[in-house]
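Report on one structure; see the data block that follows.
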Amino acid sequence: MQHLHNHLYISEQIQPGDLPALRAHGITQIICHRPDGEGTLQPAFADIAAAAAAEGIRTLHLPVKGGLFPPEVVEATRKALVGGETTLMFCKSGMRSTLTWALGEAAAGTPVDELVARAAVCGYDLEPHRAMLVAAAGKSL
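Here it is as C-alpha cells:
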C-alpha cells in the first residue's frame, strides 16, 4: 500500500483477509477499479465488499476495462474522494487506480507534472499517459 495523496492510498489486488489490517490502518473506504473475473486467483468483489462491511469499511466497485477510462468512472472516483475519507484504491497492480485518480485531478486543474511526480513516488509511471492527462486537463468534471 502506497500513500499517494492526502487521505489516499493505492495498492495492488487485496484479499478479503486484508480488511482487518486495512481498518487498523485507518482505511474507511475502498474503491476497486478491477473488473470481476480478470484473473483466476482474484477474489470476487462481493467477497471483498462483505469482508469490508464486517469491518465498517465502505466499498465502491468502479471497474476499468481494456485500458479505457470512462468519464463516469473518473468522475465517480473523484466524487468519492471529495469527502476526505481515508481511502484505498486498488486494481491488479495499482496502475489503473493511479491513472483514474490522476485523470480526475487533471480535469480539476492539478498540474500534470505534479500528478506524474506524485505517482512516481509510489512507483507508478504516468509518463506514457501524459497526453491523456493533458487532454483531461482541458476538460472539467
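Everything in the sequence shown is counted per this note's numbering, starting at 2 for the first residue and increasing by one.
By construction, the Cβ of each residue, glycine as well, lies at the ideal position given by its N, Cα and C atoms.
All values derive from a computational prediction rather than experimental measurement.
- For the 9 Å CB-CB criterion, Glu128 and Val117 form a contact.
- Taking a cut-off of 8 Å for Cβ pairs, the stretch 102-120 and the stretch 2-18 touch, as three or more such pairs fall below it.
- DSSP places Ser98 in the helix class (H, G or I) of the three-state scheme.
- Between Arg79 and Ala107, the beta carbon gap of about 10 Å keeps them out of contact (Cβ cut-off 8 Å).
- In summary, Ala137 is buried, with 16 or more beta-carbon neighbours lying within 10 Å of its beta-carbon over all protein chains present.
- Residue range Thr88 to Phe91 is occupied by the beta strand (DSSP E) that includes Phe91.
- Here the C-alpha atom of His130 lies approximately 31 Å from the C-alpha atom of His26.
- DSSP lists His62 and Phe91 as the bridge partner or partners of Cys33.
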